[in-house]
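In my numbering, the protein residues as written are 215 to 916.
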Ligand code: ADP
Ligand code: MG
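Right under this line is the structure:
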């Protein structure tokens, strides 16, 4: 149960005066909530900048173009002439150094008269302009009397907004919410408070919303940092609490005697690389421990993560338990089952696939077999976490290309078994701070080597003006029986998967088809799954030689015979994405070529990206350069430097705080794992405030 102390903060915003159904809707959108936001959501919505109204010059000294607050006396009004509503309402005002005109367009009747009564003194703030040589403020931001002025700090917070939501009404709502802030206990330890010089929570919240200095709202300043630390600590503590409750009952082990693994290894047409062997050994060891496994296998595209996952699943199957492998797309899931099924079946392991495409009777039968324990490894998409998917004894969840899934999906999969071990596969090196944020202390295995016999990829940047030469080259390659990818970007990078614009790909497909006839195929994200598979299979079987594709081939698709890739509008792709795309070639024993077709002129960023991608195929180096060019947030595919699921902490600015929050959480787990006593109560408060209280019921009352 949430501590009652916090209840006022969890009241809906509609209990504030001035917040009605219309504001409710806008605030839901702004604060990204499906239900009416609560006061806490408002308080954790922090300003993006400030307006400084502290400059209080005399009219004569006020600089044009700057934000000023003038102390004036209202001299006279000049309303617009009747029948000319487009003319402004002018108010003439002055101080002892000069005159100023306050201008209002289309103001409601009576509005100006009430705001600026003739003969009264007012404080007026806004940006000073010059019109016909006379100082003027158009629509002053603020007009207050003496009493109102005394209450202003002179610095106004500016919040991220959404269309239709006025800054003034958001400010008023937040100011009201602040008055409801209860006295919260201190949950940070005295040592950390001292070392980090954090202000108390009340001061932190107040100063970011009612800044006294311009620097009060800076994300790396003490107030914002304190709030970020709180949020991160809540996250780290929640992860640690969950992890601590996930010990296996004594005697339960998730790895068997190795008989399936050795059969699979014997059946492989290649030898495992050293790092693959090490990863498998580490995983097997984890599976034997009384604590749940939480391990990340990080390996560049083509480093062979799938077989590592299969061997992990085999270890679990040997112990008579089940494994699930969740991939982000249908193509990938099918790809996995294609690699896995022949190896698994030869070893006597039972595998199946479940995606959105398995329906009706087929699906029912599959689910029945799963529940009866007749499937050892189920491969699929997020269809694996649907409610009616019931495992007999799920012991291992493998999540491929993790960053495409939210934390919620990962939890949903692991909740389908008693104490599920988790293996995450990622081609993108995830920065350490992000691993910490989302997984807490996670073990990492790196697949640093490429499988033996891989040929280098020759990567070149070619301007669009030379597309005819490129087409000729593609023609020669097709004539020589080679397999070629031709990648077209989404029209707008911000468009989400599934809604991609198809003109580029379809138009290019048509023009290439005119030239090369039925040797050309097309795949894109809006095609039906079966249709996509059919085209991919034709490509793999050399029935078509040239595959035009959108970024659906980006992740994981494996046609080792493909040796040429043309990427059109390469300047529009991010570095990580280019690397992922290019990873589709250079997988076999033949040399490969990647042509980056770009539109001129190139911007600085695009130029830098194309340079990096030409210079190296090392995914770790590319990820590092990517970080430098774009910031950490984008590694997870999110803009700016936010952390998904976090409202205040930012990966770039608060990286230091992430490790400190982790350390603090570990100390708490050591000294007070049941969150007892006063400090324990305070920490519970923190967990509920940031809604990271999932684990609280597991540790009992304080
Ligand atoms: P990724 O890490 O990108 O998921 P995959 O698991 O899809 O890579 O493997 C890429 C290709 O490399 C597959 O065709 C796979 O059969 C092959 N492969 C995996 N391990 C080795 C190895 N040790 N030696 C040679 N080829 C390998
Ligand atoms: Mg893969």
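Backbone N, C-alpha and C fix where the C-beta goes; we use that ideal spot for every residue, glycine too.
Under 7 Å between C-beta atoms of residue i and residue j
i           : j           : result
residue 223 : residue 253 : yes
residue 522 : residue 468 : no
residue 898 : residue 889 : yes
residue 443 : residue 875 : yes
residue 810 : residue 675 : yes
residue 597 : residue 634 : no
residue 266 : residue 250 : no
residue 278 : residue 344 : yes
residue 509 : residue 657 : yes
residue 872 : residue 520 : no
residue 330 : residue 372 : no
residue 561 : residue 478 : yes
residue 532 : residue 574 : no
residue 541 : residue 614 : yes
residue 311 : residue 274 : yes
residue 733 : residue 697 : no
residue 450 : residue 909 : no
According to DSSP, residues forming a beta bridge with residue i
i           : result
residue 320 : Residue 320 pairs with nothing; no bridge assigned.
residue 536 : 608
residue 342 : 351
residue 512 : 640, 660
residue 700 : 762, 780
residue 807 : 672, 778
residue 307 : 288, 314
residue 734 : 760
residue 901 : In the DSSP output, where bridge partners are listed per residue, residue 901 has none listed.
residue 556 : Note: residue 556 sits in no beta bridge, so no partner.
residue 278 : Note: residue 278 sits in no beta bridge, so no partner.
residue 920 : With the chain running from 215 to 916 in the structure shown, residue 920 is simply not present.
residue 924 : Absent from the model: residue 924. The displayed extent of the chain is 215 to 916, so no value can be given.
residue 812 : 677
residue 371 : 264
residue 357 : 338
Buried/exposed call for residue i, threshold 16 Cβ in 10 Å
i           : result
residue 721 : exposed
residue 849 : Bear in mind that the predicted position of residue 849 carries a pLDDT of just 43, short of 50, making it unreliable; the figure below should be weighed with that in mind. Classification for residue 849: buried.
residue 234 : exposed
residue 447 : buried
residue 422 : buried
residue 779 : buried
residue 738 : buried
residue 578 : exposed
residue 902 : buried
residue 473 : exposed
residue 328 : exposed
residue 567 : buried
residue 298 : exposed
residue 336 : buried
residue 868 : buried
residue 829 : exposed
residue 707 : With a pLDDT of only 39 at residue 707, under 50, the local geometry of the prediction cannot be trusted, and the value read off the model is given with reservation. By the neighbour-count rule (16 or more Cβ atoms within 10 Å), residue 707 is not buried but exposed.
residue 710 : Reliability fails at residue 710, whose pLDDT of 44 lies under 50, so the model's placement of it is uncertain and the value that follows must be treated cautiously. Exposed.
residue 569 : buried
residue 259 : buried
residue 387 : buried
Extent of the continuous beta strand (DSSP E) to which residue i belongs
i           : result
residue 350 : 348-352
residue 438 : No beta strand (DSSP E) holds residue 438; the alpha helix (DSSP H) holding it covers 436-459.
residue 281 : 281-292
residue 594 : 591-594
residue 364 : Careful: residue 364 lies outside any beta strand (DSSP E), inside the alpha helix (DSSP H) at 360-365.
residue 235 : No beta strand (DSSP E) holds residue 235; the alpha helix (DSSP H) holding it covers 235-245.
residue 566 : 565-568
Enclosing alpha helix (DSSP H) for residue i [first to last residue]
i           : result
residue 266 : Run containing residue 266: none in the alpha helix (DSSP H); it sits in the beta strand (DSSP E), 263-266.
residue 230 : Per DSSP, residue 230 belongs to no alpha helix (DSSP H) and is neither H nor E.
residue 388 : 381-393
residue 422 : 415-423
residue 686 : 681-693
residue 818 : 818-829
residue 874 : 869-885
Chain D within 7 Å of residue i, Cβ atoms only
i           : result
residue 698 : Among the protein chains of the structure shown there is no chain D, as only one such chain exists.
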